[in-house]
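Trainee: Protein chains in written order, with my numbering: chain A, 1 to 387; chain B, 1 to 155. Virtual Cβ for every residue (Gly too), placed ideally from N, Cα, C.
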Amino acid sequence: MSFFSLGHFFKRLPYKQLTRHQNLFTLIKQKPRTQSTTLSSVLIKVSACSSSSSSSPCTSLSSIYPPLAESPYLSVRICCQKLALDMFSEALLCFGASSTSVDEHDNDADENSDKIYIDSIFPECKDVDECILNAANSIGLKEIPCYEVKMGEQCNWIKKAQESFHPVEVTKGLWIVPEWSTPPDVQATNIILNPGLAFGTGEHATTKLCLLLLQSLIKGGELFLDYGTGSGILGIAAIKFGAAMSVGVDIDPQAIKSAHQNAALNNIGPKKMKLHLVPDRTFPASMNERVDGIVEDLSSHEIRGISETEKYDVVIANILLNPLLQLADHIVSYAKPGAVVGISGILSEQLPHIINRYSEFLEDILLSEMDDWTCVSGTKKRAKEDH
Amino acid sequence: MATLKEILTRRPVAATIRLTVPAGGARPAPPVGPALGQYRLNLMAFCKDFNARTQKYKPETPMSVTITAFKDNTFEFTVKSPSVTWYLKKAAGIESGSSRPGHVTASTVTLKHIYEIAKVKQSDPYCQYMPLESICKSIIGTAATMGIKVVKELD
Chain A
1 MSFFSLGHFF
11 KRLPYKQLTR
21 HQNLFTLIKQ
31 KPRTQSTTLS
41 SVLIKVSACS
51 SSSSSSPCTS
61 LSSIYPPLAE
71 SPYLSVRICC
81 QKLALDMFSE
91 ALLCFGASST
101 SVDEHDNDAD
111 ENSDKIYIDS
121 IFPECKDVDE
131 CILNAANSIG
141 LKEIPCYEVK
151 MGEQCNWIKK
161 AQESFHPVEV
171 TKGLWIVPEW
181 STPPDVQATN
191 IILNPGLAFG
201 TGEHATTKLC
211 LLLLQSLIKG
221 GELFLDYGTG
231 SGILGIAAIK
241 FGAAMSVGVD
251 IDPQAIKSAH
261 QNAALNNIGP
271 KKMKLHLVPD
281 RTFPASMNER
291 VDGIVEDLSS
301 HEIRGISETE
311 KYDVVIANIL
321 LNPLLQLADH
331 IVSYAKPGAV
341 VGISGILSEQ
351 LPHIINRYSE
361 FLEDILLSEM
371 DDWTCVSGTK
381 KRAKEDH
Chain B
1 MATLKEILTR
11 RPVAATIRLT
21 VPAGGARPAP
31 PVGPALGQYR
41 LNLMAFCKDF
51 NARTQKYKPE
61 TPMSVTITAF
71 KDNTFEFTVK
81 SPSVTWYLKK
91 AAGIESGSSR
101 PGHVTASTVT
111 LKHIYEIAKV
121 KQSDPYCQYM
131 PLESICKSII
141 GTAATMGIKV
151 VKELD
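And the structure:
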């Protein structure tokens, strides 16, 4: 994986976080009564991997990754008995680990030994010693397993997650291409994306369903609203298919940032595509506290921007069941009478709820399905019964 | 209990990952991010799938997820309902169990609470074939180890 692509979208990191990354320290803790041979082999492994990682250019992280994703975590590698593996993992989770993973291929390396490694992730503030001690005591382990604690490397997992993105052909003549790849078919409609940390990479069944729906609906010159825009992929696709203007809204500031960048990547200016951050109106209150702080600033902006109800020719909302049910009135109010409203992000088993809720507003309901996901589309009823 | 076809087409497993994620709140950030990104799994797909499947639970309930990552970067996961201790703590209205179970009672719950918790647990993939009574008995046992007393009715 070449580092040039990383340098392309990684920007300068504020000083404080830069020092933290350059001090990628390794704490080795040794408990009594453990075999010294296993510990020394583990030590060698640790020093080798830390030296290679410190040379990478990802000491600066992109500004599109919010503080939440950059929050530090502790990565702990624990060596324990194979027999106690399951119970110990569960106990670790109970006592404060965020996650535990066990690699399968470790078995091949050491067939004779009965030890296996657990990679565990802890939030930075946790006292790892105490957690492991409690976990071992709770299941009655005779000896405390040996382990070492490392500071988690942010860019490592982000980089690896990015690696899994390849160009995707949604349908004939429509490709979603990550920023660092070249489009396989230059003639086709190519949507260039930097997936970042927002939803909507084009690989998910719901995104594909919505893109297909959009392709069939947009004839040219429509006004399109993407409710829950994520990476902005649907808004960008609409412009490429010929819509006059796209508006994308989301409750996640991260998504709005990603969408701005993706619009720029596809040479779509702010006149063609507008993006708004809206407060989370669902109950109970959203867990994203940052939105509450921004609400005061944006509420006036929102009123100016998107309180125009009954203005859009096409409205698509690809989110989750609960918000879809709670915000049904709100979402449909943006569509013109006779306009098409598309709803997705629902599993086939959740379909009856959606149909019950939305049949109040929509007629000519059509369904499309892919894997286990469905997309519902209908036209807004012309007679205004609920006003 | 796997069928022969499943065994023949079983993909090689790369790793087994266990996580605790709040229902409907999976995001590609720690703790989900590093744990899954390590194995090059599609974070977005997991987050979306997990959020959709946990819509029926109260938001922010910590769900335990077990993900099986295969060598070809695909994955499967099963979601389990929160642990019995978490339910008991919520039902009793306390933050943590008693420091001296058996001697110091932290709080009390009624039989109705136990019954409700048992019903939720029965919908777990692993408890489906257990009779409700035995699930109740094991929950009462767990309550005893936490120092939570079970009474017939609240006074």
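Output, in chain order, the set of chain A residues within a Cβ distance shorter than 8 Å of residue 13 of chain B.
Mentor: By 1-based counting over the second sequence, the position of residue 13 of chain B is 13. 104, listed in chain order.
Trainee: Our contact map puts residue 87 of chain A next to residue 139 of chain A with C-beta atoms below 8 Å; I'd like the distance itself, whole angstroms only.
Mentor: Residue 87 of chain A sits at position 87 when you count from the first residue of the first sequence. Residue 139 of chain A sits at position 139 when you count from the first residue of the first sequence. Indeed, because the Cβ distance is near 5 Å, the residues count as touching under 8 Å.
Trainee: Should residue 37 of chain B be flagged as near chain A, meaning a C-beta pair shorter than 7 Å?
Mentor: Here residue 37 of chain B refers to the residue found at position 37 when the second sequence is read from its first residue. Residue 37 of chain B counts as touching chain A.
Trainee: Excluding the 5 residues flanking residue 242 of chain A on each side, which residues of the same chain have their C-beta closer than 6 Å to its C-beta?
Mentor: Start at 1 with the first residue of the first sequence, and residue 242 of chain A comes out as number 242. Hits under 6 Å: 218, 220.
Trainee: Between residue 274 of chain A and residue 315 of chain A, is the Cβ-Cβ spacing less than 7 Å?
Mentor: Here residue 274 of chain A refers to the residue found at position 274 of the first sequence. Here residue 315 of chain A refers to the residue found at position 315 of the first sequence. Contact flag unset, no.
Trainee: Where are the alpha helix (DSSP H) runs, 4 residues long or more, that stay fully inside the stretch 53-127 of chain B, in chain order?
Mentor: 84-92, 111-122
Trainee: Could you tell me whether the stretch 221-230 of chain A touches the stretch 164-176 of chain A, using the rule of 3 or more Cβ pairs below 8 Å?
Mentor: no
Trainee: Let's test the definition: count the other Cβ atoms within 10 Å of the Cβ of residue 103 of chain A and tell me whether it reaches 16, buried, or not, exposed.
Mentor: Here residue 103 of chain A refers to the residue found at position 103 when the first sequence is read from its first residue. Classification of residue 103 of chain A: buried, given that the 10 Å Cβ count is 16 or more.
Trainee: Does any residue of chain B bring its CB to less than 7 Å from the CB of residue 353 of chain A?
Mentor: Numbered from 1 along the first sequence, position 353 holds the residue referred to as residue 353 of chain A. Not an interface residue.
Trainee: Taking 6 Å as the limit between beta carbons, can you name the residues of its chain near residue 91 of chain B, skipping five residues before and five after?
Mentor: Here residue 91 of chain B refers to the residue found at position 91 of the second sequence. Taken in chain order, the residues that qualify are 109, 113.
Trainee: Taking 8 Å as the cut-off, does the stretch 354-371 of chain A touch the stretch 10-29 of chain B (at least 3 CB pairs, one atom from each stretch)?
Mentor: Taking 8 Å as the limit for Cβ pairs, the verdict is that the stretch 354-371 of chain A does not touch the stretch 10-29 of chain B.
Trainee: Step through the CB atoms of chain B and report whether any lies within less than 7 Å of the CB of residue 152 of chain A.
Mentor: Counted from its first residue, the first sequence places residue 152 of chain A at position 152. Yes, contact with chain B.
Trainee: Give every residue of the same chain whose Cβ lies closer than 6 Å to the Cβ of residue 136 of chain A, excluding the five residues on either side of it in the sequence, and list them in chain order.
Mentor: Here residue 136 of chain A corresponds to residue number 136 of the first sequence, with the count starting at 1. Only 144 meet the Cβ criterion.
Trainee: How big is the Cα-Cα spacing for residue 455 of chain A and residue 375 of chain A?
Mentor: Because chain A here runs from 1 to 387, residue 455 of chain A falls outside it and cannot be looked at.
Trainee: Any idea if residue 132 of chain B is buried or exposed, counting beta-carbon neighbours within 10 angstroms, 16 or more meaning buried?
Mentor: Here residue 132 of chain B corresponds to residue number 132 of the second sequence, with the count starting at 1. Result: exposed.
Trainee: Okay, do the stretch 54-66 of chain B and the stretch 15-33 of chain B touch, 3+ Cβ pairs below 8 Å being the bar?
Mentor: yes
Trainee: In the DSSP assignment, what are the bridge partners of residue 226 of chain A?
Mentor: Within the first sequence, numbered from 1, the residue matching residue 226 of chain A stands at position 226. A:248, A:316, per the DSSP bridge assignment.
Trainee: For residue 148 of chain B, count neighbouring Cβ atoms within 10 angstroms of its own Cβ and tell me buried if that reaches 16, exposed if not.
Mentor: By 1-based counting over the second sequence, the position of residue 148 of chain B is 148. Buried.
Trainee: For residue 342 of chain A, which three-state DSSP category applies?
Mentor: For the purposes of this step, residue 342 of chain A is identified with residue 342 of the first sequence, where counting begins at 1. Looking at residue 342 of chain A - three-state DSSP - the assignment turns out to be strand.
Trainee: Taking the beta carbon of residue 338 of chain A as the centre, do at least 16 other beta carbons fall within 10 Å, making it buried, or is it exposed?
Mentor: Looking up residue 338 of chain A in the first sequence gives position 338. Label assigned to residue 338 of chain A: exposed.
Trainee: Could you tell me the distance, in whole angstroms, from the CA atom of residue 239 of chain A to the CA atom of residue 28 of chain B?
Mentor: In the first sequence, counting from the first residue as 1, residue 239 of chain A sits at position 239. In the second sequence, counting from the first residue as 1, residue 28 of chain B sits at position 28. When rounded, the distance between both Cα atoms is 28 Å.
Trainee: Assess, as a yes-or-no matter, whether the stretch 157-167 of chain A is touched by the stretch 28-43 of chain B under the definition of 3 or more beta carbon pairs within less than 8 Å.
Mentor: yes
Trainee: Listed from N- to C-terminal order along the chain, which residues in the stretch 310-326 of chain A have their beta-carbon within a distance smaller than 7 Å of any beta-carbon of chain B?
Mentor: 320, 321, 322
Trainee: Is the beta carbon of residue 82 of chain A closer than 7 Å to that of residue 118 of chain A?
Mentor: The sequence position of residue 118 of chain A within the first sequence is 118, counting from 1. The sequence position of residue 82 of chain A within the first sequence is 82, counting from 1. Not a contact, by the Cβ cut-off of 7 Å.
Trainee: So residue 199 of chain A contacts chain B; which residues on that side make the cut at Cβ distance below 8 Å?
Mentor: For the purposes of this step, residue 199 of chain A is taken as residue 199 along the first sequence, with counting starting at 1. Neighbours of residue 199 of chain A on chain B, chain order: 44, 47, 48.
Trainee: How is the beta strand (DSSP E) around residue 22 of chain B delimited, first residue to last?
Mentor: Position 22 of the second sequence, counting from 1, holds the residue named residue 22 of chain B. 13-22 is the extent of the beta strand (DSSP E) around residue 22 of chain B.
Trainee: Grab me the residues of residue 146 of chain B's own chain with a C-beta within less than 7 Å of its C-beta, minus the 5 sequence neighbours each way, in chain order.
Mentor: Residue mapping note: residue 146 of chain B aligns to position 146 of the second sequence, counting from 1. Excluding sequence neighbours, residue 146 of chain B sits near 85, 88, 97, 98, 101, 106.
Trainee: Rounded to whole angstroms, how far is the Cβ of residue 120 of chain A from the Cβ of residue 100 of chain A, which I believe are closer than 8 Å?
Mentor: Locating residue 120 of chain A in the first sequence gives position 120, where the first residue counts as 1. Locating residue 100 of chain A in the first sequence gives position 100, where the first residue counts as 1. About 5 Å; that satisfies the 8 Å criterion.
Trainee: State buried or exposed for residue 210 of chain A, treating a residue as buried only when at least 16 other CB atoms are found within 10 Å of its CB.
Mentor: The residue you call residue 210 of chain A lines up with position 210 of the first sequence. By the 10 Å Cβ count, residue 210 of chain A comes out buried.
Trainee: If I'm right that residue 194 of chain A touches residue 262 of chain A with Cβ under 8 Å, what's the distance once you round it to whole angstroms?
Mentor: As a working note, residue 194 of chain A is residue 194 in the first sequence. As a working note, residue 262 of chain A is residue 262 in the first sequence. Contact flag correct, Cβ pair sits at about 6 Å.
Trainee: If we ignore side chains and look at the alpha-carbon of each, how far apart do residue 270 of chain A and residue 251 of chain A end up?
Mentor: Position 270 of the first sequence, counting from 1, holds the residue named residue 270 of chain A. Position 251 of the first sequence, counting from 1, holds the residue named residue 251 of chain A. The straight-line gap from Cα to Cα measures roughly 19 Å.
Trainee: When the distance is taken between beta carbons, is residue 358 of chain A closer than 7 Å to residue 335 of chain A?
Mentor: The residue given as residue 335 of chain A occupies position 335 in the first sequence. The residue given as residue 358 of chain A occupies position 358 in the first sequence. Not closer than 7 Å, so no.
Trainee: When burial is assigned at 16 or more other CB atoms within 10 Å of the CB, is residue 129 of chain B buried or exposed?
Mentor: What you label residue 129 of chain B is simply residue 129 of the second sequence in a count that begins at 1. Residue 129 of chain B should be labelled exposed.
Trainee: Under the DSSP definition of a beta bridge, which residues are partnered with residue 282 of chain A?
Mentor: Along the first sequence, read from residue 1 onward, the residue named residue 282 of chain A stands at position 282. Looking at the DSSP assignment, residue 282 of chain A forms no beta bridge with any residue, so it has no partner.
Trainee: Return no unless some Cβ of chain A is closer than 7 Å to the Cβ of residue 100 of chain B.
Mentor: What you label residue 100 of chain B is simply residue 100 of the second sequence in a count that begins at 1. Answer no: the Cβ-Cβ gap between residue 100 of chain B and chain A never drops below 7 Å.
Trainee: Using beta carbons (cut-off 7 Å, strictly below), is residue 148 of chain B in contact with chain D?
Mentor: Within the model displayed, chain D is absent; protein chains A and B are what it includes.
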